[in-house]
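FYI, numbering that gives the first Met the number 0 numbers position 284 of the sequence shown as 283, with every residue one higher than the one before it.
Each remark here refers to the structure printed beneath this line.
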Amino acid sequence: MAAIAYVNGRYRPLREASVNVEDRGFQFGDGIYEVLYVHNHRLADAELHLARMARSLGEISLHLTLSPAALLVIIREVLRRNRVSTGLVYMQITRGAARRDHPFPAVPVRPGIVITARTRPAPPTDIAAWAGAAITLPDERWARRDIKSTNLLPNVLARQKARLAGAYEAILYDAQGYVTEGAASNVWIVDAAGTLRTRPLGQEILPGCTRAAVLQMLHGTGIAFTQTPFTLEALRGAREIFLTSATSFVKPITRLDGVSIGNGHPGPAATELLARYLQHIEAP
Numbered sequence: 000m001a002a003i004a005y006v007n008g009r010y011r012p013l014r015e016a017s018v019n020v021e022d023r024g025f026q027f028g029d030g031i032y033e034v035l036y037v038h039n040h041r042l043a044d045a046e047l048h049l050a051r052m053a054r055s056l057g058e059i060s061l062h063l064t065l066s067p068a069a070l071l072v073i074i075r076e077v078l079r080r081n082r083v084s085t086g087l088v089y090m091q092i093t094r095g096a097a098r099r100d101h102p103f104p105a106v107p108v109r110p111g112i113v114i115t116a117r118t119r120p121a122p123p124t125d126i127a128a129w130a131g132a133a134i135t136l137p138d139e140r141w142a143r144r145d146i147k148s149t150n151l152l153p154n155v156l157a158r159q160k161a162r163l164a165g166a167y168e169a170i171l172y173d174a175q176g177y178v179t180e181g182a183a184s185n186v187w188i189v190d191a192a193g194t195l196r197t198r199p200l201g202q203e204i205l206p207g208c209t210r211a212a213v214l215q216m217l218h219g220t221g222i223a224f225t226q227t228p229f230t231l232e233a234l235r236g237a238r239e240i241f242l243t244s245a246t247s248f249v250k251p252i253t254r255l256d257g258v259s260i261g262n263g264h265p266g267p268a269a270t271e272l273l274a275r276y277l278q279h280i281e282a283p
């Protein structure tokens, strides 16, 4: 069966789908995107993703007439047409097609909308096999990382360096030596004192939806946690490191820059939180 994409109001075979060459997303990266995980036909954290999408649109002054409910109808139709029950939905919204000029079009144009879906493996069941490695790199991205912008070249370059190093992720740090986030994930540590930490929200990091879901489920676990910045030194001396994202779920990092973290195996915090998150996305 040919893959089907939704592009600007039409469902088209992926090989035939196209956008205008003057679409501002293509010309300038003038747009935002979202990635949602679907498991057994259920969209994980859909409300969080749609709320973040609305926030990103507001931050770049891009008005979308489609309601969240209408977008969900389209997403589910894309999933149905592609026969995806467990996988990923990619949604991109741009300012639309207009004569190439940096300022917004003088007369607003119709936003460009692209939605695709593809099958992905079921969530991990073996946390030891799910664990990965990371490298550290200076954060060279733009200042508004809280907007889920399609401008991802620095992220692409960082992820490529990680791949060439045989690692899953590049963990980024700022000019002051504080960890910001991964190239495509939020970063957590259990510090040397045993406290779970992740950086607080701000313009320096993306407000991850999986991050938000994990924070909600931390209450009642007995795990001591705080949202405070931490340094590259603290990262390297952590008892545990793990990542969260729609595609990483809760992913332990057991090697950093070629050095084992803790005892080199997934720690108790990551193990418990992955189990809880998988229960969360399994819930009816």
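Ideal placement from N, C-alpha and C gives every residue a C-beta, glycine not left out.
Within 10 Å of its beta-carbon, does residue i have 16 or more other beta-carbons around it, so buried, or fewer, so exposed?
i	result
W187	buried
E21	exposed
V155	exposed
D29	buried
V213	buried
L272	buried
A157	buried
S66	exposed
A43	buried
A45	buried
S247	buried
L47	buried
E239	buried
P265	buried
N262	exposed
L163	exposed
Using only CA atoms, which one of the options lies nearest to residue i?
i	options	result
V77	R254, G86, A4	A4
P123	F224, S259, A116, A245	A245
E33	F25, A53, R14	A53
F229	G176, F248, S184, S66	G176
L195	G207, L171, T220	T220
P137	G181, A282, T64, R238	G181
I260	A105, E58, G236	G236
G111	V37, R238, R23	R23
A166	A1, T253, A269, F224	T253
A226	T197, F241, Q202, L242	For clarity, residue 226 is Gln in the given sequence; the question names Ala instead. Among T197, F241, Q202, L242, the Cα nearest to that of Q226 is on T197.
R118	N39, S55, P107, A274	Going by the sequence as given, residue 118 is Thr instead of Arg. Ranking the options by Cα distance to T118, first place goes to N39.
E139	K147, A128, I146, L151	L151
R11	A164, F103, A116	A116
S60	F103, V178, R41	F103
A2	L13, R9, A69	L13
Y36	A16, L217, R75, L56	R75
G193	F224, L277, N7	F224
R51	Q215, V258, C208, A282	C208
I170	L205, A164, V178	V178
P294	N7, A128, A183	Residue numbering for the chain in the displayed model covers 0 to 283; residue 294 lies beyond these limits and cannot be assessed.
L231	I222, P251, D173	D173
N185	V249, F27, Q215, I146	V249
I92	F25, H101, R144, S84	F25
S55	T149, A268, H279, A16	T149
Where do the N-terminal and C-terminal ends of the alpha helix (DSSP H) with residue i fall, by residue?
i	result
H48	45-58
F248	It is not in any alpha helix (DSSP H) - F248 instead sits in the beta strand (DSSP E) that spans 248-255.
G24	23-27
L273	267-281
Tell me where the beta strand (DSSP E) around residue i begins and ends.
i	result
L136	131-137
A116	111-118
G86	86-93
H38	30-38
R9	9-12
I73	It is not in any beta strand (DSSP E) - I73 instead sits in the alpha helix (DSSP H) that spans 67-81.
I3	3-6
Between residue i and chain D, is the shortest Cβ-Cβ distance under 8 angstroms, so that the two count as touching?
i	result
I188	Protein chains in the displayed structure number just one, and chain D is not present.
Original post:
Using 8 angstroms as the threshold, is the stretch 89-104 in touch with the stretch 125-142, meaning 3 or more CB pairs across them?
Top reply: no
Original post:
Which runs of the alpha helix (DSSP H) spanning at least 4 residues fall entirely within the stretch 159-244, listed in chain order?
Top reply: 208-217, 231-235
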